[in-house]
Amino acid sequence: MTRIALLIALAGVAACVALAQPSKASAGWCWPDCSNYGTLNWNTTTYNGCWYRSGAVCSGWAYWSLNGVSKTCYPGCDAYGNTSGQILYGFENGDRIRGRFTVRSGRFYISPGEVGMGGYLRAQVTWYAGTSQVNVAAIG
Amino acid sequence: MTRERAFLLGAAVLIAVCAVVPLASWAEASQQRPLSRLSNSGRTVAPAQNAFARRAAVHHVSLLALRGGRAYYKVDANGTCFGAGPAADVGQLGSVDCPRGPFPTADRPVLDFSVYEVTDRGSRDFSLFRAEGFAADGVSAVAFLRPNGKVAFTVPVHANVFATTSVPRGLIKGLAALDGSGKEVWRSP
Chain W
668 MTRIALLIAL AGVAACVALA QPSKASAGWC WPDCSNYGTL NWNTTTYNGC WYRSGAVCSG
728 WAYWSLNGVS KTCYPGCDAY GNTSGQILYG FENGDRIRGR FTVRSGRFYI SPGEVGMGGY
788 LRAQVTWYAG TSQVNVAAIG
Chain D
3 MTRERAFLLG AAVLIAVCAV VPLASWAEAS QQRPLSRLSN SGRTVAPAQN AFARRAAVHH
63 VSLLALRGGR AYYKVDANGT CFGAGPAADV GQLGSVDCPR GPFPTADRPV LDFSVYEVTD
123 RGSRDFSLFR AEGFAADGVS AVAFLRPNGK VAFTVPVHAN VFATTSVPRG LIKGLAALDG
183 SGKEVWRSP
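In the order they appear, the protein sequences are chains W and D. Per the numbering used here: the first sequence ends with 807, consecutive numbering throughout. Per the numbering used here: the second sequence ends with 191, consecutive numbering throughout.
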């Protein structure tokens with residue numbers, strides 16, 4: 668009887684541990700959250716040790732496979748979809764930050780391989796000019 | 003001057019204006035058109051069905067060019083998008099840009115896909131890791147500019163695509179589009 672109880676307890680612990688581990692395929696990060704847009708300007712920060720202390724948002728460290736940015740027209744676009752807000756979106760590690768620039772509104776997706784990076788990284792979007800309204804989502 | 007002569011003179015002036023204005027507009031439009039046209043429609047390839055393609059809602063992919071181990075695409079993903087990825091695995095998209103608004107236009111004849119990097123935490127000055135992107139028919143080369151506005155190096159455009167991994171060290175501040183005669187037709191910023 669004691670053995671059966673021990674077995675059940677072990678199974679329970681194993682289940683708890685398994686459920687507590689985030690699935691690698693579904694691990695994710697969003698800014699400001701997964702359904703809203705946030706304003707990125709020179710003093711925006713996520714207070715989590717990004718390459719730049721301000722004017723940047725970044726995820727925690729993980730094996731990211733994709734960083735996606737949706738940038739709206741706010742506070743305004745010209746007839747071609749250009750905004751006054753310039754951002755650098757991509758990835759960073761302890762040595763460098765890499766990415767692509769855009770001033771356009773739209774959707775932008777990038778994987779670490781595109782910037783010649785891999786391994787344990789942060790997904791990032793960094794302010795370079797103006798104001799941008801963005802939603803950022805990274806998946807691992 | 004009789005009323006008839008005045009009428010004839012007025013009519014002649016009106017006819018002249020009607021003839022000249024469209025001609026001038028046509029001439030101007032002819033100059034602009036190569037900067038708002040992308041003739042390379044590529045060839046259809048099957049996109050790799052992965053999380054990336056699903057997240058970007060990729061429907062259709064056309065391969066525009068293979069250059070230096072990289073593949074460049076025009077992508078239909080709920081709008082006209084552009085993408086790139088490894089040439090060794092055609093259809094495997096590593097990045098997709100879906101800018102709102104038309105491309106190319108005379109206002110923006112270049113879609114810069116270049117990868118920039120910063121290695122100094124105390125600075126936002128950046129250098130190039132790789133130079134690549136898409137350009138309108140009227141763009142023959144893309145020049146990358148130093149902070150003082152001088153040309154750091156130039157990448158030729160073939161079939162609406164420019165690409166090189168051979169980039170010089172040093173800071174880059176912008177880029178310019180050059181036509182067939184080497185004349186600058188656009189600059190950013």
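Note that the Cβ used here is the ideal one computed from N, Cα and C, for glycine as well.
Under the Cβ distance rule, residue 755(W) counts among the residues neighbouring chain D, one pair being separated by less than 9 Å. Around the Cβ of residue 76(D), a 10 Å sphere holds 16 or more other Cβ atoms; the residue is buried. Within a 10 Å sphere around the beta-carbon of residue 186(D) sit fewer than 16 other beta-carbons, which makes this residue exposed. Between residue 97(D) and residue 85(D) the beta-carbon gap is near 6 Å, inside 8 Å, which marks them as a contact. Using a 10 angstroms sphere on the CB of residue 738(W), the tally of other CB atoms reaches 16 or more, which defines it as buried.
A direct Cα-Cα distance of roughly 15 Å separates residue 107(D) from residue 770(W).
For residue 137(D), no CB of chain W lies under 9 Å from its own CB, so it is not counted at the interface with that chain. One thing to note: residue 708(W) has its Cβ within 9 Å of the Cβ of residue 752(W). Excluding five sequence positions before and after residue 141(D), the CB atoms of its chain that fall closer than 6 Å to its own CB belong to 111, 159, 179, given in chain order. The alpha-carbon of residue 735(W) is positioned some 6 Å away from that of residue 775(W).
Cβ neighbours of residue 87(D) within its own chain (closer than 6 Å, five residues either side excluded): 73, 94, 95, 96. Residue 145(D) does not reach chain W, its nearest Cβ partner there being about 16 Å away, counting only Cβ pairs nearer than 8 Å. Identification of chain D residues near residue 788(W) by a Cβ-Cβ cut-off of 9 Å yields none; the smallest Cβ-Cβ distance measures about 13 Å.
DSSP places residue 67(D) within a strand segment (E or B) once states are collapsed to three. Of all residues in the stretch 108-130 of chain D, the ones placed with a Cβ closer than 8 Å to any Cβ belonging to chain W are 109, 110, 114, 115, 116, 117, 118, 119, 120, 121, 123, 126, 128, in chain order. Using beta-carbon distances, residue 704(W) does not count as an interface residue toward chain D, since no partner is under 9 Å.
Spanning the alpha carbons of residue 40(D) and residue 761(W) requires a straight line of approximately 40 Å.
Residue burial is scored here from C-beta neighbours: residue 714(W) has fewer than 16 other C-beta atoms within 10 angstroms and is therefore classed as exposed. Taking the beta carbon of residue 795(W) as reference, the chain D residues within 8 Å of it are 126, listed in sequence order. When the five nearest sequence neighbours on each side are left out, the beta carbons in the same chain lying within less than 8 Å of the beta carbon of residue 765(W) are those of 757, 758, 759, 782, 783, 784, in order along the chain. The Cβ atoms of residue 799(W) and residue 102(D) lie no closer than 9 Å to each other. Proximity of residue 798(W) to chain D, defined by a Cβ-Cβ separation below 9 Å, is not satisfied. Chain W places a beta carbon closer than 9 Å to that of residue 96(D), counting this residue as a contact. Spatial neighbours of residue 151(D) in its own chain (CB-CB distance under 7 Å, excluding positions within 5 residues in sequence) are not present. Contact between residue 172(D) and residue 125(D) does not hold, since the beta-carbon distance rounds to 13 Å and is not under 8 Å. Each residue's CA atom was taken as its position, placing residue 731(W) and residue 695(W) some 8 Å apart. Under the Cβ distance rule, residue 99(D) counts among the residues neighbouring chain W, one pair being separated by less than 9 Å.
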